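Step one of this worksheet: look at the structure below.
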Amino acid sequence: MGTLVPFLLVLLAVYRSAAQQTLDEKVQNLIDLTSRTSVVKFNMDKWKNLVRMQPRNYSMDVIFTALSPGVNCPICK
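Taking mature numbering (1 follows the signal peptide of the UniProt record, and there is no 0), I'd label the letters of the sequence shown as residues -19 to -1, 1 to 58.
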């Protein structure tokens, strides 16, 4: 029983982080991200959660860059 409670707490935390965020949580997340800098770098999780998933009552301007050397984009350098 002693190890069951911590296991359930970890399981609940993982489930909560994987669950879809509410609109208020998403907006607060964006406010937190943009308070540090006006340019936000997205990884795939941020992209899916903040740009692609509903609910979303906000618009975003997204600028894609190809900084990877394998892409060899002269404009992006």
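Here a beta-carbon is modelled for each residue, glycine too, at the ideal position from N, C-alpha and C. Since this is a predicted model, take the numbers as computed values, not measurements.
Query	Result
Using the Cα positions of Glu6 and Pro50, report the straight-line distance between them to the nearest angstrom.	36 Å
DSSP three-state call for Lys30: helix, strand or coil?	Inspection of the sequence shows that residue 30 is occupied by Asn rather than by Lys. Looking at Asn30 - three-state DSSP - the assignment turns out to be helix.
Mind checking Leu4: buried by the 16 CB within 10 Å criterion, or exposed?	exposed
I think Leu48 touches Leu31, with their Cβ atoms under 8 Å apart; what is that distance to the nearest whole Å?	21 Å between Cβ atoms; not a contact.
Is there a Cβ from chain C that is less than 8 Å from the Cβ of Gln1?	The chain labelled as chain C is not found in the depicted structure, where only one protein chain is given.
When DSSP labels each residue in this structure, what does Lys7 get in the three-state scheme?	helix
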